[in-house]
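Novice:
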Amino acid sequence: MKILQDIRAIAWPSQICALLPFYSGNEEESFRFGVLGRWYGRLVALIILITSLFFGEDVLFASSEYRLVASKQGDTEEINRTIETLLCICSYTMMVLSSVMNASRHFRTLRDVAKIDEYLVVSGFREKYNCRNLGILVTSAAFGVLAVAFYYIHFRSGIGSKNQVILLLVYSLQLLYSTVFAIYLRSILKSLAQRIGFLNQRLDEFCLQEIGNVGNWRELSNLIEVLCKFRYITENINSEVGVALLFYFGFSFYTVTNQSYLAFATLTASSLSLKKDVDDTMGLSCAWVLAEVITMAMICSACDCLASETNSTAQILSRVYGKSKQFQNLIDKFLTKSIKQDLEFTAYGFFSIDNSTLFKIFSAVTTYLVILIQFKQLEDSKVDEINQA
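If you count by the working numbering, then the sequence shown holds residues 118 to 506, one letter each, in order.
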C-alpha cells in the first residue's frame, strides 16, 4: 500500500502519541484496525485528560506560583501567562481526544486512498513526498523552546520544584503533539496533493488529444471519478482534523500575541527592576514565537497546496468541456459542484487555513498588542499614582 509507505517515517510517532490509529497489514486485504489499537488510543486519551484536569486546576488556582520572574511581573502579565498555559493544556488535550474519536474515520480514509493508489500505480504514479528537512526544522525549533524553557524555569525563576515539573511537562506535551501533528498532517496532505497533481496532469494532457473515440472517453470518465473521490477524501480529512486545528491555532495565536507583548514590554520598560529582567523573558519569548510561526507556516502551506491542487481540476475540465459535446453531462456534474463550492481547509469551520492565514494572524496580533500595551500603561500609571500618594 503506497500511502502507508509514504507516511511510514511519521506514522510510528503519530501512533505512539495516539494521533494515528494502530493498524495491521501492509496489503489491502489484510489492512485492519485492531481492538488493541482502539483501546490503546482510548487509554492514552484518558491519561491525557486526567492529567490535563489536574494541571489545569493547579495552574488556574495557584497562578501566582508559576511566575517566571516572581514579583517583577504585573497583573496583566500574570493573567496572560495563566491563560496561555491553560490554552496550552487545552490544545494538546483536544488534539488527542479528537484524533481518538475520529480514529475509525481516519482508518477508512487511509483505506480509501490505498484503493485509489492501485489505479495510480498502474497509471505510472511513482512520486513520494519527503518531509525530512522540514521535520528536522520544526523538531529543532521545538527542542529549542524546551531547552530555553528548562533553563529559565529551573535556573532563573523562583518556581517551586513541583510546579517546575508541571510547567515543563505541559510545555513538553504541547511541543511534542504540535510537532508530530504538524509533520503528519503535512505528510498526508502533500502526498494527496501529489496524487491529485498527477491526475490533473493526465487530465491536462487529455486536452491535447483527440477525444472522439470510446477509449479516450472511458479514460476521461475514470479520471473524473477518481478526482471526485479525492475531493471527498480531502473533505473527510478536513473534518477529522478540524477540532485539533482549531485548538492548536487558538493556542498559537494567543502565544504569539502574549510572547510578543512580553518581549515588547521588557524592551520598553522604564523601571530599572524591569530592565534587569530582559534576559529572563526575552529568550523564551523569541523561542516560542519562532517555533509557533514555523509550525503554523508548515501547516498553512500544506493546506493551501492541497486545496489549490484540488480546485485547479475545475479549470482543467473547463478546457476539456469545450472540445466535444458528447461527454459534457459528466463534466457538468463535477464542474457544478466545484464552481459553487471551492474546497478550502478550515479550523472546524471557524476560519480558513491557507497561505494568507499567517498574514491575518500577524494583523490580529498587532491589533491586540496595541490593546495590551494600553492596559499595561494604565496599570503602570495607577501604580505610580499610588506610590506618589
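Backbone N, C-alpha and C fix where the C-beta goes; we use that ideal spot for every residue, glycine too.
Can you tell me whether residue 459 is buried or exposed? The criterion is at least 16 other CB atoms within 10 Å of its CB, across all chains shown.
Specialist: Burial call: exposed.
Novice: Whose C-alpha, out of 294, 429, 134 and 363, is nearest the C-alpha of residue 313?
Specialist: Nearest option by C-alpha distance: 429.
Novice: Let's test the definition: count the other Cβ atoms within 10 Å of the Cβ of residue 172 and tell me whether it reaches 16, buried, or not, exposed.
Specialist: Flag for residue 172 reads buried.
Novice: DSSP has residue 463 in a bridge; who is on the other side?
Specialist: In the DSSP output, where bridge partners are listed per residue, residue 463 has 469.
Novice: From what residue to what residue does the alpha helix (DSSP H) around residue 280 run?
Specialist: Run containing residue 280: 278 to 323, per the alpha helix (DSSP H) assignment.
Novice: What distance in whole Å lies between the Cβ atoms of residue 153 and residue 139, which are believed to be in contact at a cut-off of 8 Å?
Specialist: Yes, residue 139 and residue 153 are in contact; Cβ-Cβ is about 7 Å, under 8 Å.
Novice: So does the segment 363 to 374 actually touch the segment 218 to 234, counting three or more Cβ pairs closer than 8 Å?
Specialist: Verdict: no, contact absent.
Novice: Leaving aside the five residues before and after residue 211 along the sequence, list all residues of the same chain whose C-beta is less than 7 Å from its C-beta, in chain order.
Specialist: Answer for residue 211: 360, 361 and 364, listed in chain order.
Novice: Between residue 244 and the rest of its own chain, which residues show a CB-CB distance below 6 Å, the 5 nearest in sequence each way excluded?
Specialist: For residue 244, where only same-chain residues beyond five positions count, the Cβ hits under 6 Å are 311.
Novice: In the segment 338 to 403, which residue ranges form an unbroken alpha helix (DSSP H) of at least 4 residues, counting only runs that do not cross its ends?
Specialist: Taking only runs of at least 4 residues, the alpha helix (DSSP H) segments lying wholly in the segment 338 to 403 are 389 to 392.
Novice: Quick one: what does DSSP say residue 425 is sitting in, helix, strand or coil?
Specialist: It is helical.
Novice: Quickly, what does DSSP pair residue 149 with across the bridge? List them, please.
Specialist: For residue 149, which the question treats as bridged, DSSP gives the partners 141.
Novice: In the DSSP assignment, find the unbroken alpha helix (DSSP H) run with residue 223 in it and report its ends.
Specialist: Element bounds for residue 223: 220 to 239.
Novice: Evaluate residue 378 with the Cβ neighbour count: other Cβ atoms within 10 Å of its Cβ, from every protein chain shown; 16 or more gives buried, anything less gives exposed.
Specialist: By the 10 Å Cβ count, residue 378 comes out buried.
Novice: Taking DSSP as the reference, what is the three-state secondary structure of residue 184?
Specialist: Note: residue 184 maps to coil in three-state DSSP.
Novice: If residue 127 sits next to residue 300, beta carbons under 8 Å apart, how far is it from one beta carbon to the other, in whole angstroms?
Specialist: Yes, they are in contact, since the Cβ atoms of residue 127 and residue 300 sit about 5 Å apart, within 8 Å.
Novice: For the alpha helix (DSSP H) that residue 260 lies in, which residues bound it at each end?
Specialist: Run containing residue 260: 249 to 268, per the alpha helix (DSSP H) assignment.
Novice: Thinking C-alpha only, which one of 461, 375 and 293 is nearest residue 487?
Specialist: The option with the nearest alpha carbon to residue 487 is 375.
Novice: In three-state terms, what does DSSP make of residue 207?
Specialist: Helix.
Novice: Exposed or buried, what is residue 264 when buried is set at 16 or more other beta-carbons lying within 10 Å of its beta-carbon?
Specialist: The residue is exposed, with fewer than 16 neighbouring Cβ atoms inside 10 Å.
Novice: Take residue 223 and list the residues in its own chain whose beta-carbon comes closer than 6 Å to its own, dropping the five residues that flank it on each side.
Specialist: These residues qualify, in order along the chain: 357.
Novice: When DSSP labels each residue in this structure, what does residue 135 get in the three-state scheme?
Specialist: Residue 135: coil per DSSP, three-state reduction.
Novice: State the start and end residues of the unbroken alpha helix (DSSP H) segment that holds residue 120.
Specialist: Here the alpha helix (DSSP H) through residue 120 covers 119 to 123.
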